[in-house]
Every structure is written in structure tokens, then in C-alpha cells.
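Asker: Before we start, here is the structure in question, set down as C-alpha cells.
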Ligand code: UDP
């Protein structure tokens with residue numbers, strides 16, 4: 001395996017499948033199967049999951065809600081997704097722990113870095129919920145932050161597209177895909193990989209990011225085996 005310890009970032013929207021809102025159980029089960037393939041190979045797996053399928057603070061604020069209130073609601077949405085993912089993984093026989101940046105003791109451990117690492121060493125999958133625990137941040141930033149903290153080898157950003165393109169491939173059919181990029185190329189070409197806080201944190205800590213299509217079965221395993229099927233940002 002190319003990677004020993006990964007931080008997998010899944011967006012909340014990915015969990016919707018073909019729905020307009022919420023969680024598609026079939027999609028969740030597919031993700032759990034894909035995660036099991038790499039778990040069976042001994043890869044240590046930490047996961048940060050978004051909340052955009054349920055609530056986004058920015059959307060609340062644009063409808064007149066206090067932004068901070070909305071962001072806390074968004075963080076709670078990530079906990080709901082984390083619990084759903086935890087259930088799906090355990091259903092397939094994997095051991096998991098959910099750790100949250102906001103304390104919700106009846107359902108999750110509080111985030112403790114040393115404890116998270118210990119779980120990973122014991123081959124438990126650790127899901128980090130509630131983002132960074134702070135408003136005005138995103139789960140992409142939480143993913144990079146946790147990835148840096150636990151010394152992950154890479155951030156694997158699972159999306160609907162199979163990498164980073166010269167333009168949005170859903171809008172511009174002539175767009176072409178990059179196989180690899182450096183951090184400074186992403187900035188100079190003005191490419192949208194993650195929000196700038198997340199991206200800068202990754203760059204400063206030399207933590208590579210791989211953007212890949214999580215909706216194709218087996219892709220996660222291929223990436224961990226070293227196949228270059230997405231776009232890698234490093235160096
Ligand atoms: N959020 C936050 N702080 C964090 C992470 C998330 O306030 O550290 C809130 C924010 O309102 C965000 C929402 O939680 O819109 C859901 O997260 P995100 O939009 O990153 O989810 P995704 O786009 O990955 O589904």
C-alpha cells in the first residue's frame with residue numbers, strides 16, 4: 001500500500017446520492033464497502049465528513065440567520081452524518097470510534113489527538129465530527145487540521161469528479177484533467193481545490209492532497225495502491 005495512514009474527506013452532499021437532501025442509505029453502504037477494501041489491507045483510516053446535505057451556516061446566514069448560530073447547526077449536521085457513517089461501517093464488521101470537536105458525550109468521544117492515534121494503531125476507523133469546533137471554518141479545513149495532527153500521509157478528498165480540471169468539467173466540455181500539481185501551481189492557476197484556509201494549512205505542512213472520484217467502486221483502493229487515477233497536489 002502506498003499510504004499507511006490516510007485522512008479521507010467526504011462531503012455531506014456526497015451522502016445524498018440522487019436525493020435532493022439528507023442521506024441515501026445505499027450510497028452510505030457503498031462507501032462502507034469501499035472503505036472496507038482498504039481497511040482489510042491494514043490502512044489506518046481517519047474520516048472527516050461534511051454536513052452540506054443537511055445544513056450550511058452560510059446558507060442560514062443568507063436567509064437572515066445569525067452566522068455563528070448557523071455554523072453550529074452545520075457542525076451538528078456533520079455529527080449526524082458521522083453517526084450514519086459509523087453505523088454503516090459497523091454493519092460491515094469494522095470497529096469505529098466517533099470523536100467530536102464539540103462535546104456530545106452520550107454519542108461520541110471528545111476529540112483527543114493521542115486517543116485518536118491509539119484507535120488508529122488498533123485498526124479502528126476514527127470519524128471526526130463537528131468540524132474544527134469553530135464557526136467560520138469548513139470541514140475541508142477540519143480534514144487538513146486533523147490530518148496534520150495525526151500525521152496522516154495524505155488527504156484523500158473524495159468527490160463526484162475524478163480530479164482537478166483546467167475548468168469545471170460539468171460546465172466546459174473542453175476542460176482537461178491534471179495528473180499532478182504543485183501547491184504553487186494550484187494558486188497561480190487559480191484552481192479551486194479546497195477553501196484557502198484548508199489549502200494553505202496543507203501547503204504549510206507539506207501534506208499532499210489527492211482529489212478523486214469516490215463514486216466509482218474500487219477507486220479508494222486503487223489510490224491507496226498507488227494508482228494515479230485522481231489528481232495529486234504536493235510539493
Ligand atoms: N462548520 C463550521 N466549522 C467547521 C466545520 C463546519 O462552522 O469547522 C459548519 C459550517 O456552517 C459548514 C457546515 O458546518 O457550512 C457543514 O460543513 P461543510 O460545508 O464543510 O460540509 P460539506 O461541504 O463538506 O458537505
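Residue numbers (UniProt numbering): 1 to 235.
Positions of the beta carbon are idealized from the N, C-alpha and C atoms, including for glycine.
(1) Hey, out of 49, 139, 57, whose CA is closest to residue 244's CA?
(2) Let me check understanding here. Comparing Cα to Cα, which of 10, 217, 186 lies closest to residue 53?
(3) What three-state label does DSSP hand residue 268 in the structure shown?
(4) Rounded to whole angstroms, what's the CA-CA distance from residue 94 to residue 34? Just pull it up for me.
(5) I'd like to know whether the C-beta atoms of residue 130 and residue 96 end up nearer to each other than 8 Å.
(6) If you count every other CB in all the chains shown that lies within 10 Å of the CB of residue 157, and 16 or more means buried, which is it?
(7) Ends of the beta strand (DSSP E) at residue 222?
(8) If you run the structure through DSSP and keep just helix, strand and coil, what is residue 169?
(9) Would residue 183 and residue 233 qualify as a contact pair, given that the criterion is a beta-carbon distance under 8 Å?
(10) Can residue 159 and residue 211 be called in contact, C-beta distance under 8 Å?
(11) Less than 8 Å between the beta carbons of residue 128 and residue 14, yes or no?
(12) Is residue 56 near ligand 1 - that is, is its Cβ less than 7 Å away from at least one heavy atom of it?
(13) Take the Cβ of residue 44 as the centre, count every other Cβ of all protein chains shown within 10 Å, and call the residue buried at 16 or more, exposed below.
(14) Is residue 194 near residue 140, with beta carbons less than 8 Å apart?
(15) Once the 5 residues before and after residue 197 are set aside, which same chain residues still bring their CB inside 6 Å of it?
(16) What residues in its chain sit with their C-beta under 8 Å from that of residue 113, if we drop five residues either side in the sequence?
Answerer: Considering the structure as presented:
(1) In the structure as shown, the chain begins at 1 and stops at 235. Residue 244 is therefore absent and cannot be evaluated.
(2) 10
(3) As displayed, the chain neither begins before 1 nor continues past 235, which places residue 268 out of reach and without an answer.
(4) 12 Å
(5) If you check the CB distance, residue 130 and residue 96 do not come in under 8 Å.
(6) buried
(7) Run containing residue 222: none in the beta strand (DSSP E); it sits in the alpha helix (DSSP H), 219–224.
(8) coil
(9) Yes, they are a contact pair.
(10) Going by beta carbons, residue 159 and residue 211 fall inside the 8 Å limit.
(11) In this structure, residue 128 lies away from residue 14, with their beta-carbon atoms at least 8 Å apart.
(12) yes
(13) buried
(14) yes
(15) 141
(16) 149, 150
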